[in-house]
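Chemist:
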Amino acid sequence: MRHLLDTKTLSRDDAIGILDVAEDMADTQQREVKKLPTLRGKTVVNLFFEDSTRTRISFEAAAKRLSADVINFSAKGSSVSKGESLQDTAQTLQAMGADAVVIRHGASGAPRTLATSGWITAGVVNAGDGTHEHPTQALLDAFTLRKRRYGVDSRGRDLAGVKVTIVGDILHSRVARSNVWLLETLGAEVTLVAPPTLVPQDVSAWPAKIVFDLDEAIAAEPDAVMMLRIQLERMNAAYFPTEREYSRRWGLDARRLAALGPGSMVMHPGPMNRGLEISADAADSPRSTVLDQVTHGVSVRMAVLYLLLAGERGGVPEGRGLPDRGEMPRTMDKEDAR
Amino acid sequence: MTEVLLVRGALLEGGGAGDLIVEDGVISESGGSLSRTGATVIDADGLIALPGLVDLHTHLREPGYEASETILTGSRAAAAGGYTTVFAMPNTSPVADTAGVVEQELALGEAAGFVTVQPIGAVTVGQKGERLAELGAMADSRARVRVFSDDGFCVWDPLIMRRALEYVKAFDGVIAQHAQDPRLTEGAQLNEGAVSAELGLAGWPAVAEESIIARDVLLAEHVGSRLHVCHLSTAGSVEIIRWAKRRGVDVTAEVTPHHLLLTDELARGYDPHFKVNPPLRREEDVQAVREGLADGTIDIVATDHAPHPTEAKACEWQAAANGMVGLESALRVVQLAMVDTGLLSWADVARVMSRTPARIGRLAGHGTPLKAGEAASLTLLDPAPRRAFSTSDLHGRSVNSPFLGRELPGEVRWTLHAGVSTVADGVVLDAPGVRS
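In order, the protein sequences belong to chains A and B. Residue 2 in this note's numbering sits at position 2 of the first sequence, and the numbers go up by one each step. Residue 106 in this note's numbering sits at position 106 of the second sequence, and the numbers go up by one each step.
(1) Within 10 Å of its beta-carbon, does B:Gln-177 have 16 or more other beta-carbons around it, so buried, or fewer, so exposed?
(2) Quick one: give me the first and last residue of the beta strand (DSSP E) that B:Ile-120 is part of.
(3) Drop a sphere of 10 angstroms on the beta-carbon of B:Lys-371, count the other beta-carbons inside from all chains shown, and report buried for 16 or more, exposed for fewer.
(4) Using the rule of at least 16 other Cβ atoms within 10 Å of the residue's Cβ for burial, across every protein chain shown, is A:Gly-314 buried or exposed?
(5) List, in order along the chain, the chain B residues whose C-beta lies closer than 8 angstroms to that of A:Ala-107?
(6) Would you call B:Ser-390 buried or exposed, if buried means 16 or more other Cβ atoms sit within 10 Å of its Cβ?
(7) So, is the C-beta of B:Gly-203 closer than 8 angstroms to a C-beta in chain A?
(8) What residues from chain A crowd round B:Ala-194, counting only those whose CB sits closer than 7 angstroms?
(9) Look at B:Pro-490 and B:Ala-88 and say whether their C-beta atoms are less than 8 angstroms apart.
(10) Going by C-alpha distance, which of B:Val-339, B:Leu-5, B:Ala-312 and B:Gly-31 is nearest B:Asp-24?
(11) Using 8 angstroms as the cut-off, can you tell me whether the region 253–269 of chain B makes contact with the region 43–51 of chain B, which would need three or more C-beta pairs spanning the two stretches below that distance?
(12) Applying a beta-carbon distance threshold of less than 7 angstroms, which residues of chain A neighbour B:Glu-110?
(13) Report yes if the C-beta distance between A:Phe-240 and A:Thr-197 is below 8 angstroms; otherwise report no.
(14) Report the neighbours of A:Gln-87 on chain B: residues whose CB is nearer than 9 angstroms to its CB, in chain order.
(15) Roughly how many whole angstroms lie between the Cα atoms of A:Gln-341 and A:Ile-120?
(16) Within 10 angstroms of the Cβ of A:Asp-6, are there 16 or more other Cβ atoms? Answer buried if so, exposed if not.
(17) Look at B:Gly-15 and B:Ala-347 and say whether their C-beta atoms are less than 8 angstroms apart.
(18) A:Gly-41 to A:Ala-62, Cα distance in whole Å?
(19) Could you please give the first and the last residue of the uninterrupted alpha helix (DSSP H) stretch that includes B:His-231?
(20) How would you label A:Thr-43, buried or exposed, when you count the other beta carbons within 10 angstroms and need 16 or more for buried?
(21) Per DSSP, which residues does A:Pro-37 bridge with? Please list them.
(22) Report the CB separation of B:Ile-241 from B:Thr-297 in whole angstroms; it is logged as a contact under 8 angstroms.
(23) In chain A, what lies closer than 9 angstroms to B:Ala-188 by C-beta?
(24) Which partner residues does B:Thr-85 have in the DSSP bridge list?
(25) Quick one: what's got a C-beta closer than 7 angstroms to A:Gly-97's C-beta in the same chain, skipping five residues either side?
(26) Which whole-angstrom value describes the C-beta separation of B:Gln-335 and B:Gly-410, a residue pair presumed to lie in contact below a C-beta threshold of 8 angstroms?
(27) Taking the beta strand (DSSP E) that A:Val-164 belongs to, which residues open and close that run?
(28) Against chain B, which members of the region 253–274 of chain A pass a CB distance test of less than 7 angstroms?
(29) Give me the subset of the region 105–131 of chain A whose CB atoms are less than 8 angstroms from a CB atom of chain B, sorted by chain position.
(30) Give me the subset of the region 165–194 of chain A whose CB atoms are less than 7 angstroms from a CB atom of chain B, sorted by chain position.
(31) Could you name the residues that DSSP lists as bridge partners for A:Asp-69?
(32) Closer than 8 angstroms, CB to CB, is B:Leu-280 near chain A or not?
(33) Looking at the C-beta of B:Leu-404, does it have a partner C-beta in chain A at a distance below 8 angstroms?
(34) With respect to the beta strand (DSSP E) encompassing B:Trp-414, which residues constitute its N-terminal and C-terminal limits?
(35) For B:Ala-418, I'd like the list of residues in its chain whose CB is within less than 7 angstroms of its CB, leaving aside the five on either flank, ordered along the chain.
(36) Which full runs of the beta strand (DSSP E) of 3+ residues lie inside the region 198–246 of chain A, going along the chain?
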């Protein structure tokens, strides 16, 4: 795997390959000593142009548990805030010898620009770009769904027949986009629920059903309801009148929680607005997988970094149940996948 | 005194072969089997002769943005593309909203000598859309401005637009509108549709263009004024212009070469070379603007030549500048999209790329027929070659073309500007009329 830029162009085999390696990584995290020597000597740069403590520390934990050296580059307060271009930042990291760059950027497509510009040779992992994609979030969500459904029997399986309902600001959500593509690839059925103002104008090509009524979506008995964080600034841009109205119509409150089927999961990528898109009842209920998602996030990101960096030098730890080079997903780069 | 040229055997506007004798800046004779002792003979066998191309919409960046282009380099790029006249948009620094700036641009164009540079004046002071610039002073200046535009910005306030349309009637001027509702396009990055939805780029909806055009044609009708619509890009806009023309509204419209060929699908790699305003649209829109140009609803092709330095495009999409260079590729793109598809004849190309733009701009002596007594501004094009467009085809200061690497037909072999060669036998000259 050269880069991980999106889930749109991720094949089913590659996706399942990542999830299976993440299972192996998760197993290692049950041990007393969680640290693996696999990426010793490799340098992973967390290049964050937007604040995102959760995603950054998840990647940081993943890299460190694989023994990589981690450099955190926060664009705030750095030369970037003084007008340094993406090109100069990238070339600086290249000169310092970065092996992988995990990038979070406010501009959609910035990771692709970084990966295709020729400025760096490092592998690029998209940690969220603008309103485009957040592929590791979708992978950890898929991992969580698969784990709940199949438990220890998860390896090699897809999500055929699983019904997932995603609720919230679809228009601006990179989490929603990455989930729509990946869930489709894995055979799940996706329903999107949102105010009509927060659905992209043309979603005719999306493999998802669009409904505006959350109660209707819940009545269809989804296996999982994924609540998206609503940004309060959307209210000021006239996407919806007030947060109270949003919460009444599209929030997962106690009544809707009770209406969910017995096996339904409640998911949220975090950070949550308790009392707005999700009630405390829902967030803290046994259905909630919010903390599982966080745990699985580290395993999935370990898998991605491993597949990105360990392949070239064959640094597979012995006897730890990790696949050898021949079984690894060869590439998820868009150009190759097409 | 200039050299005497004998153009032998050119297909005049793509029709029958004929000879032309060029001397003292004019076509002195036209006909069959002409001869002239001492004349330099241009063998134009198989070449299409067109009246020198006229571009109603370019950005030459001078004064103020000389890192992107100057009037000299933009003029040379124009000559390379077969142009002999270009209109220069006023979004310079300072903005061309006074007689002083437009006269400076005119003088720089004359000094460069590659093409006639006709300044366009800003409609409002600083292109801010708040109060009218001194339109009359620009009209009365040596630059004789007749086209006024805030291009880059829409004259959004309906009252300011109405007043501008009315006011320029005093000197037979025209308002060239950049139709873009600013509220509907806040932060807009790409045509709003299936592609923007997938790429997560803020949408630039077709309705933001169409609603302004609809308003403006009604305003133009109401006050009996002349309106020109810049870079029309959507199927809906074509329908509105068609409707307005049927009603007898005095409106003309232009389309760019890139909107005749490219679609928003090209944005999928986030390559900012495909970022432009108005944005690349859907395939249906490309078909509609081609049909509109073919049936006369759209009057002209204009390039919206918009040079930018490398760093303005070597960045993430959202941070990149809008715009594409277009002067050197325009005729080849029009051949590909319109002539080779059978939608336009070469005589039609002469109309939409030379005669009508000169008429809209009220520029006498330009876009004139290829016959004795008319100005010797003309282009000789070989339609046969097909080559990949490359940076070696570009002669301005910037290389932000969306066509690099794309195979395009045709090759400009000669450009004569008022009898002086600026492109000679396929070579763009370093100075007009100076052949090595």
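Even for Gly, the Cβ is constructed at its ideal location relative to N, Cα and C.
Modeler: Working from what's here:
(1) buried
(2) Per DSSP, B:Ile-120 belongs to no beta strand (DSSP E) and is neither H nor E.
(3) Of the residues assessed, B:Lys-371 falls on the exposed side of the cut-off, its CB having fewer than 16 other CB atoms within 10 angstroms.
(4) Caution applies to A:Gly-314, whose pLDDT of 39 falls short of 50 and renders its modelled position unreliable; the model cannot decide the point.
(5) Glu-316, Trp-317, Gln-318 and Ala-319
(6) exposed
(7) For B:Gly-203, a Cβ of chain A is located within less than 8 angstroms of the residue's own Cβ.
(8) Asp-202, Ser-204 and Ala-205
(9) Residue 490 of chain B lies beyond the residue range present for chain B, which begins at 1 and ends at 436; the question has no answer from this structure.
(10) B:Leu-5
(11) no
(12) Result: empty, since nearest Cβ-Cβ is about 38 angstroms, beyond 7 angstroms.
(13) yes
(14) Glu-311, Ala-314 and Cys-315
(15) Because chain A in this structure spans residues 1 to 338, residue 341 of chain A falls outside the shown range and cannot be described.
(16) buried
(17) Yes; because the gap between Cβ atoms is below 8 angstroms, this pair is in contact.
(18) One C-alpha to the other measures close to 15 angstroms.
(19) Per DSSP, B:His-231 belongs to no alpha helix (DSSP H) and is neither H nor E.
(20) Looking at its Cβ environment, which holds 16 or more other Cβ atoms inside 10 Å, A:Thr-43 is buried.
(21) Looking at the DSSP assignment, A:Pro-37 forms no beta bridge with any residue, so it has no partner.
(22) 5 angstroms between Cβ atoms; contact.
(23) Within 9 angstroms Cβ-Cβ: nothing; B:Ala-188 doesn't reach chain A, min ~12 angstroms.
(24) B:Val-54 and B:Thr-116
(25) Around A:Gly-97, the same chain offers Thr-43 as residues with beta carbons nearer than 7 angstroms, after the five sequence neighbours per side are excluded.
(26) 5 angstroms
(27) 163–167
(28) none
(29) His-105, Gly-106, Ala-107, Ser-108, Gly-109, Ala-110, Arg-112, Thr-113, Thr-116, Ser-117, Asp-129, Gly-130 and Thr-131
(30) Arg-174 and Arg-177
(31) DSSP output for A:Asp-69 lists A:Thr-43 as bridge partner(s).
(32) B:Leu-280 has a beta carbon lying at 8 angstroms or more from every beta carbon in chain A.
(33) no
(34) Element bounds for B:Trp-414: 407–417.
(35) Gly-25, Ala-375, Ala-376 and Ser-377
(36) 209–211 and 224–227
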